[in-house]
Each structure stands twice: as structure tokens, then as C-alpha cells.
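Note sheet for the following structure.
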Amino acid sequence: IEQVVDLLDIAKLESDSLEVHYSRVDAAQVVRMLAANFDSLAEHRRITLKLTAPETLLADVDDEKFQRVLLNLFSNAFKFTPALGGIDIVLALDGNDMVIRISDSGPGIPEQSRNAVFERFQQLEGTSGTYGGTGLGLSIVREFVALHHGSVWIEDSRLGGACFVIRQPIHAPEGASVSHRLIEAMRDPALVFLAELHDRLQDTTSETRRDSHGGLVLVVDDNADMRSHLLSILAPHHRIEMAVNGRDGLERIAELLPDLVISDVMMPIMNGDEMARRMLEDPRTRDIPLLMLTAKMDDALKVTLLREGVRDYLSKPFSADELAAKAARLISERRRILADSAVMIDRLAKSNQDLERFAYATAHDLK
355 IEQVVDLLDI AKLESDSLEV HYSRVDAAQV VRMLAANFDS LAEHRRITLK LTAPETLLAD
415 VDDEKFQRVL LNLFSNAFKF TPALGGIDIV LALDGNDMVI RISDSGPGIP EQSRNAVFER
475 FQQLEGTSGT YGGTGLGLSI VREFVALHHG SVWIEDSRLG GACFVIRQPI HAPEGASVSH
535 RLIEAMRDPA LVFLAELHDR LQDTTSETRR DSHGGLVLVV DDNADMRSHL LSILAPHHRI
595 EMAVNGRDGL ERIAELLPDL VISDVMMPIM NGDEMARRML EDPRTRDIPL LMLTAKMDDA
655 LKVTLLREGV RDYLSKPFSA DELAAKAARL ISERRRILAD SAVMIDRLAK SNQDLERFAY
715 ATAHDLK
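In the numbering used here, the protein residues as written are 355 to 721.
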């Protein structure tokens, strides 16, 4: 899917039809929550992942394209960093520019080849893989950064591998329209956004509109940045509730009976696997769809999750569009099943009424 999206974006770039939709975002918060996608993978491969960023760094970016750039570079770093290696992510403000450095302890890139990895459909073989993947990822990075009037290049990493550097302005070009919706949503996400969301949900018109298309989604994740990230993706279309581990999640599921549960696998106290097993054992919750998020997704884990009642899964890092699409599909499927069940119950009730009338009439005739 991502390769198809890349190809479509390349086609739009070639036709000059790809637009930049600026939003004011907290770039530091975006970097933190995207890096959180890789925490489980770093732990599994015993890679030291270090993130250095200011508490807040406001910037005007196309949020979807900015996230695509970061996820491409983060994924690239993990692809080439061996087990027990290290990855450093640094975000800093330099005048009116933000500078992002992603350093790894992988094999590095020879100086004479550094421009080539950004060319479309060009790949460079390394000791542990191919830089550029399908030959589009790093090309998309350069194109998207250029759309923001920035630049990207490669240096030697102090960790021994490659260091990808992005420099781009924090202000949109003069005259460009900038939305402030995202920064309002991300300011202290654990408190302010939930409060504002709750207030909006009190509006009957908004509630009716939201319920007619979306549903009640319970997010279960111990990482606050990841909860914030999921909230920003799902809140425009669904009612969102939160839980911080599997045990907390089971309590909220029994209380709320949500339309969908989205959960991480690796959590303290009770992990997502155990929560899924207990949901399957409980007649009240066994039919609630569960979408699992995990950084480690091999065939054995897929089989295990599906056997434990997980309806679908997403590998980290995932795209916002893919998450939103899967959530909408699972909620729609659940509502269709509930609607079919309601029709069946109505039919059974009608059949019982007809049977009772027939029995009454028969008994009356016998008298």
C-alpha cells in the first residue's frame, strides 16, 4: 500500500499537482510520538534509541507529509542498525529553521554515493540491506522536504553509520494559509484535548453526526505519546476513551462495551495478548473487534493474535490513513452484525407472537 501511495505522489510531483496544506504543529511532540512507534522494536533488537528535543517547537508543516518524511527516515535507520546498535534522533531550533538529525550505527553510506540514494528508483547495497528500499522512500523524503522549502543531506554519524539531516523553515511562506487545528489538539494532549473533546461531545448535533458515522473506540496503550497520536487520528470521527494497560483496558471494556478496541501488545501489568484472551472468554466482550498494534509482526505472532480473537493488526510504524481506514471498517462490520442480529431477534419475536396467537386460537377452537 505504501509503495502505491509513493508512486501516486511521484506522479503528482511530476505533474506539479501535489499541494502543501500547512498546519501549525508542535514538531517536538510529533517527533516524540512517531519515535514511540519504534520503542518495542528497539527493545526487541536491543537497540539504544535516544531522542533529544525541546519541550515544544512550533512549526508550520504539512502534517501528513512531515510524518511521512520522519517515518521513512526512522524506518531506514532501524533497517540498517544491527542488534545492540544505537540510533540518535535530535530535533533543534536554529534561528528560523528546525534541524532534525537521525544518526545510526549501521554500515554508513560512502560520500560518493550519498546523492544517489535520494534519486528515484536508485538503490544502494549495504552490508545489511538496500538503502532506499523500493527506490522511492528517500526520493519522497527529499521531494517532501523541498516542498517545505527545506533541504536534506547525509553526513557521517558519530555512531559510525549514516546521519540524515533535515533543515527546513518553521514558518510557512508569506501568504500561505496555516491551520491551527492540530496545535490546538496537541497542546497538553493528556488533559486539554480530552477536555475540549468532551465539551464538543456534549453538543447534541455534533454527537448525532459523530455517532451516525463513527463509534466509541477504546485506546489501550501505556505510552502517553502514542495515546496522543492515536487520539489525534481518531477523534475527528469517533468518541475516544483511554486505558493505560490490559487490566485497565478490561475494566473499561466491561464498563463501556465500545464499538472497537485498539491496543498495543507490549504493556506492563497486563499485555495485549492476555487482554485479548480474556475478552474472548467473556460472552459480553468476545464479539467486540480488537485491532492490535505491534512493532514485531512475524507469521507466528499473526497466527497467535488471530487465534486469541484479534480481528486485525497493524505493524508499527503505521500510517494515519491505514489506521483510520481499518478502524472505520471494523466499526462498520460490527454495526452490520448488530443490525442483522436485531433483525433476527425481531423476526423471532414476531414468530413467537404468531405461534402464541396460533396456539391460543387452536386452544379456543378445541373448547
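Where a beta carbon is used, it is the ideal one built from N, C-alpha and C, also for glycine.
Computed from a prediction, not measured in an experiment: that's the story for all the values here.
- Of all C-beta pairs linking the segment 424–440 to the segment 454–466, three or more are shorter than 8 Å, placing the two stretches in contact.
- Cβ contact annotation for L425 (same chain, cutoff 7 Å, sequence separation greater than five): L388 and P671, in chain order.
- In the DSSP assignment, S617 falls within the unbroken beta strand (DSSP E) covering L614 to D618.
- Taking 9 Å as the cut-off, the beta carbon of L412 is found closer than this to the beta carbon of A381.
- Going by beta carbons, F498 and I508 fall outside the 9 Å limit.
- Measuring C-alpha to C-alpha distances from P612 to each of S586, G626 and R640 identifies R640 as the nearest.
- In the same chain as H502, and ignoring 5 residues on each side of it, the C-beta atoms closer than 8 Å to its own belong to V374, V415, D416, K419, F420, Q522 and P523, in chain order.
- As the crow flies, the alpha-carbon of V379 is around 12 Å from that of A526.
- As computed with DSSP, Q522 is found in a beta bridge with M452.
- With fewer than 16 other Cβ atoms inside 10 Å of its own Cβ, I623 counts as exposed.
- For the 9 Å CB-CB criterion, L588 and L677 form a contact.
- DSSP places D510 inside the beta strand (DSSP E), whose first and last residues are S505 to D510.
- Buried is the label assigned to A649, since at least 16 other Cβ atoms lie within 10 Å of its Cβ.
- Just so you know, the alpha carbons of A578 and E595 end up roughly 13 Å apart.
- Around the beta carbon of Q466, fewer than 16 other beta carbons lie within 10 angstroms, which makes this residue exposed.
- Between M633 and L668, the gap from beta carbon to beta carbon reaches 9 Å or more.
- For G568, the CB contacts under 6 Å within the same chain, skipping 5 residues up- and downstream, are H591 and H592 in chain order.
- For the 9 Å CB-CB criterion, V619 and S394 form a contact.
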